[in-house]
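Numbering (our numbering), first residue to last: 774 to 935.
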C-alpha cells in the first residue's frame, strides 16, 4: 500500500464538533482499509483565499487544519475523497502521495534574475543562438543606424598650407 498524506480543512468548529469530525474522518479511513500512522494538528489558520461553506454558502476565511499520515490502497483513496467532498463540515480534503512529496528541492535563481539583462546567462544564450526573429533584427538594425546617424561626425581639419 502506498503512503499518503491526507489534509483535512474543516470549518471553524467548537472542540466537541471538531472531535466528531476528526473521529468521522478517521473512521472512514479505517473502515475502508487504510492504516493511520500519525495525525497532526496544523492549527487554526487563516486561509490564503476565501472558500465557500457547503452548508450555508457563506464565505470561510479561517479554518482548522489537520494532517493524517496513512497507508491506503488506491480504491480507498478514491472513496475517501468522495466521502470527504460530501461531508458538510469539511471544506477541503487533499491527498498527496509519497511520489509527489519526494520531488527535488527548488533551486532559487534570484541572484541571476536580479542581474541586469546584459549580464544574465539566459540573455547571453539567446544572443549566441540568434533566437531573434527577422522583424526584431530589422528593428534593432534601424535603431542602431539611427543612433549612429545622430552622433555628430567631426571631419579632420587639414593642416594649414605653408
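Note that beta-carbon positions come from the ideal geometry of N, C-alpha and C, so glycine has one too.
According to DSSP, simplified to helix, strand and coil, what is residue i?
i           : result
residue 934 : coil
residue 879 : coil
residue 943 : Nothing in the structure corresponds to residue 943, since the chain is present only between 774 and 935.
residue 858 : helix
residue 825 : strand
residue 919 : helix
residue 830 : coil
residue 888 : coil
residue 867 : strand
residue 840 : strand
residue 927 : coil
residue 912 : helix
residue 814 : strand
residue 874 : helix
residue 786 : coil
Straight-line CA distance for residue i to residue j?
i           : j           : result
residue 829 : residue 879 : 40 Å
residue 778 : residue 902 : 45 Å
residue 869 : residue 906 : 43 Å
residue 852 : residue 801 : 9 Å
residue 788 : residue 888 : 52 Å
residue 908 : residue 891 : 21 Å
residue 913 : residue 885 : 25 Å
residue 873 : residue 837 : 24 Å
residue 900 : residue 881 : 24 Å
residue 806 : residue 871 : 18 Å
residue 846 : residue 824 : 29 Å
Determine the closest residue to residue i out of the options, with distance taken between C-alpha atoms.
i           : options               : result
residue 785 : 806, 805 and 820      : 820
residue 816 : 794, 790, 839 and 823 : 839
residue 796 : 872, 890, 831 and 862 : 862
residue 804 : 872, 775, 856 and 783 : 856
residue 822 : 884, 864 and 793      : 864
residue 783 : 810, 827 and 807      : 827
residue 848 : 834, 927, 925 and 774 : 774
Within the 9 Å Cβ cut-off, does residue i reach chain C?
i           : result
residue 838 : Checking the listed chains, one finds no chain C in this structure; it contains a single protein chain.
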